[in-house]
Amino acid sequence: MTRVTDCPLVAGLRITDALAGKHLLVTGVTGFVGEALLERLLYDLTDTRITVLVRPRGTTTAEDRTRQLLTKSAFQRLRDRDGAEAVDALVGTRIHVLDGDLDNVPALPGDIDVVVHCAGEVSFDPPIHEGFATNLHGTLNLLAALADAQAAPHYVHVSTAYVAGRRQGHVTEGRLDHNVDWRAESAAATRVKDAVHDASRDATKLAEFLRDAERSHGAEGPTAVAAEAERLRVDWVAKELVDAGRERARTLGWTDCYTFTKAMAERAVEETAVNLPVTICRPSIIESALTQPSPGWIEGFKMAEPLILAYGRGDLPDFPGVPDASIDIIPVDYVVNAILAACATTPPPGSPSYFTICSGARNPLTFRHLYDLVREYYSHHPLEQRDRGAVRPPTWDWPGAQRVEQLLKLGERAHKSADRVVTSLPRSSRTRDWARSLDRQGRRLDFLRRYFDLYRPYVEAELHFSDDATLALHRSLDPADAERFGFDAATIDWDHYIAGVHVPAVTTPLRAFTGGRSVKRDPVVHELPRSDGSLVAVFDMDGTLLPSNVIESYLWLRLPELSGARRAREIADVARALPRWLLTERRDRGAFLRSVYRRYAGADYDELLRIVDEDVTDTVLGRLSAAAVRKVREHRAAGHRTILITGAIAPLVRPVAPLFDEIVAADLAVGPDGRCTGFLVRPPLVGEGRGAWLKHRAAREGWDLAGSYAYADSASDLPLLRAVGHPVAVDPDIALSRVARRAKWPVENWHARPPVGPLLGSRDVRALESSRT
Ligand SMILES: NC(=O)c1ccc[n+]([C@@H]2O[C@H](COP(=O)([O-])OP(=O)(O)OC[C@H]3O[C@@H](n4cnc5c(N)ncnc54)[C@H](OP(=O)(O)O)[C@@H]3O)[C@@H](O)[C@H]2O)c1
């Protein structure tokens, strides 16, 4: 900083008098600070007129958004005082809504006296071009629109105390001390965006996305692979642009893209708004209201709340911060009051005022003190977790950032290995439980990593903001206004604010949520709707109706036909082919089935049918899940058309055929000698082929797929499951169980009991084992 603000203050400032009759333009009123400011203007400064710049969202117009805003809890005391109708009627009378965006600022009124520019991109790590677009160009667009309107208002720019960047020690209120060229940085950000988009289309990069997509979605089919590959590309672009913003900010001495672009905006304001009175307000970390509009009022979750909640849930086992460093928090009503006082004090054009609105200068709150208060609060009011009861708040050792980073890396590595193991284990309800708990741990680690990376520069920074100018502004207030609009941070009683106001306010919604969820309800039994034939119920076979797979069923059919050495050789050959088949199946289930079915070459087709009817039917029926049979019958009883779609070959579905109205199965080609050729006359319907078949038939037959049902066990069946309104995952593999959990699809366990009867004789098992060694 180059100089302390030389603020032209006059003692006895009365905000209400200074702003009476004034026309204010406020941006960002749908955000946290802007909403609190608007409320205060409407409630306490009744002689003002306010123009708000609001962007439409979806089909909701700017005016409707503003009306909805006035129904929110922040405006409760206004509604209590003036009545809901009168508050709604403010739109169009005291409030003039401008429908617009900072990217494209509409024509502004020429009689604006004060502009408070609150709108901004406040996420710490936006893609680099987005940070510049909103924080820098949005500000320049607003200033240009004011110039076009020939308005010469007092321009109050809401910035952040952290524009000071990564430094240690005292930070005074004044122009930032740097020589970074905001025009050059902004142009570079645009070039980086274009370069990253181009790089994402490079052939090598595209091949990489495709390879990864095939690995994860190959079994579903080419459309799913293509969609996934494009999603990977878009994600990669976003990540690269976020990284570019963060790294550019750090190389220039800022913590992140947010503070970097806010700093660039300040310099742009200083250099372009030379003919306007300019005030730059720099709040530190803004948290819930101490008293106004009501104690604890907060809009959305800001900086500390996710951490406070994670700590209460037991998900924040330690912290990288320095325990005796201060965390600079300021309640939102102090910020609003300071902004209003700043609006009421006009500096000369070309000589901006700077106010840092913070607490650390004269009433520091250390991390340790904050931790003690939050811990104490949770010790008396623990959060309840479903299945876990009251959570004991963790005890922090404050091991330092390096140790926390080591522990986090260790956790991430362990999680990755465990995930690899669980994904390759045979499916069972136990492996699904393991996967679920791993996913929970994964989310917790992701959370820690994200917040650790984002907040590390803030919690390690030992910045001491001075607020001499802000204190002078506060002291210039008339005593009555100092009482009503005060913002002296020294008056904040942290014990009361943190434990009595802020933490209760941020935990209340969570308590209401988990309180509702923890009530155990009886499972709802849904009656199947009756149908006149327009509803269908589609079932997969292997893994769904019965715990089997094509390799097993191949052995059922082929082994009885063979004898002695050939039988042992066949088992050994199959065992050797298994790893290759498994790899193929992950990429392309159709290719996998074809390569298994090639082994039927030479088999006598009629003999296969005889083996099914005489030997295999009992095994199949013995393994058929009773729950599956019940479900098929229920659908039939409700008048639904029951359909079996399977990759198995036609002879193998003979035992279950009576259950279904229609069967879609693969079938083997037979030569003139009655022997299988190893090729197929009807290929297996797999992956998205199943979804496509169902949609095609539904269109032709008039089936109502939105009301129909599908039951399947594997992620390769996702296109089939997604084609109906009632998908059910049956004993799902890990990938499907994850999708089902996210989509809240029912998951049923039809194969809780082990299969009845040995599939292979002990002779076969020995042969299989010896072939592996
Ligand atoms: N919160 C803090 O702890 C903190 C601390 C220091 C400084 N500040 C500063 O205070 C100001 C307000 O922050 P906040 O916490 O209130 O943020 P917020 O809750 O995220 O609100 C951001 C506001 O900006 C609007 N906005 C964003 N992009 C826009 C665009 N392109 N065109 C028009 N409006 C746009 C948003 O409108 P939509 O509703 O349409 O998205 C919203 O009204 C920011 O300048 C921030 O840098 C905040």
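The numbering of the sequence shown is this note's numbering, which starts it at 362 and goes up by one. Glycine included, each C-beta is placed from N, C-alpha and C at the ideal position.
Sub-8 Å separation of residue i and residue j beta-carbons
i, j, result
"Met625", "Glu546", "yes"
"Val390", "Leu430", "yes"
"Leu1020", "Ala1030", "no"
"Leu1079", "Leu1097", "yes"
"Pro1045", "Leu954", "yes"
"Tyr695", "Phe848", "yes"
"Arg1083", "Gly1052", "yes"
"Arg805", "Pro681", "no"
"Val911", "Val973", "no"
"Arg947", "Arg576", "yes"
"Asp673", "Tyr732", "For the record, residue 673 in the displayed sequence is Gly; it is not Asp. In this structure, Tyr732 does not lie closer than 8 Å to Gly673 by Cβ."
"Ala512", "Gly471", "yes"
"Tyr1072", "Lys992", "yes"
"Leu385", "Val452", "no"
"Val557", "Val598", "yes"
Backbone secondary structure at residue i - three-state DSSP
i, result
"His887", "coil"
"Phe716", "strand"
"Ala510", "coil"
"Ala650", "coil"
"Val452", "strand"
"Ile376", "helix"
"Arg882", "Low per-residue confidence applies at Arg882: pLDDT is 48, beneath 50, and the placement is therefore not dependable enough to give any value."
"Glu745", "strand"
"Thr620", "helix"
"His578", "helix"
"His1057", "helix"
"Asp965", "strand"
"Ser909", "coil"
"Phe826", "strand"
"Asn698", "helix"
"Ile659", "coil"
"Phe813", "helix"
"Phe808", "helix"
"Phe436", "helix"
"Arg418", "strand"
"Leu923", "coil"
"Glu844", "helix"
"Val765", "helix"
"Arg950", "helix"
"Glu534", "coil"
Supposed contact pair residue j and residue i - C-beta distance, whole angstroms, cut 8 Å
i, j, result
"Ile646", "Leu734", "With 8 Å as the limit, Ile646 and Leu734 do not qualify as a contact, their Cβ atoms being about 16 Å apart."
"Ser895", "Gly1063", "6 Å"
"Cys1037", "Ala933", "The Cβ separation is near 21 Å, so there is no contact."
"Thr620", "Val524", "6 Å"
"Leu503", "Val466", "6 Å"
"Tyr516", "Pro638", "7 Å"
"Ala550", "Phe493", "5 Å"
"Ser649", "His863", "5 Å"
"Glu631", "Pro713", "6 Å"
"Thr727", "Ala699", "Between Ala699 and Thr727 the Cβ distance is about 23 Å, and since that is not below 8 Å, they are no contact."
Residue burial classification, residue i (beta-carbon count within 10 angstroms, cutoff 16)
i, result
"Arg878", "Low confidence applies to Arg878: its pLDDT is 47, below 50, so where it sits in the model is not reliable enough to give any reading."
"Val394", "buried"
"Val1047", "buried"
"Leu838", "buried"
"Arg401", "buried"
"His578", "buried"
"His1087", "buried"
"His857", "exposed"
"Leu380", "buried"
"Leu943", "exposed"
"Val935", "buried"
"His741", "exposed"
"Ala574", "buried"
Counterpart residues of residue i in DSSP-defined beta bridges
i, result
"Cys1037", "Val1031"
"Thr750", "Checking the sequence shown, residue 750 turns out to be Gly, not Thr. Gln746."
"His518", "His478 and Ile641"
"Thr831", "In DSSP, Thr831 forms no bridge with anything."
"Tyr1072", "Phe900 and Val1089"
Proximity test, residue i beta-carbon vs ligand 3 heavy atom, cut-off 7 Å
i, result
"Pro681", "This structure lacks ligand 3; its bound ligands are ligand 1."
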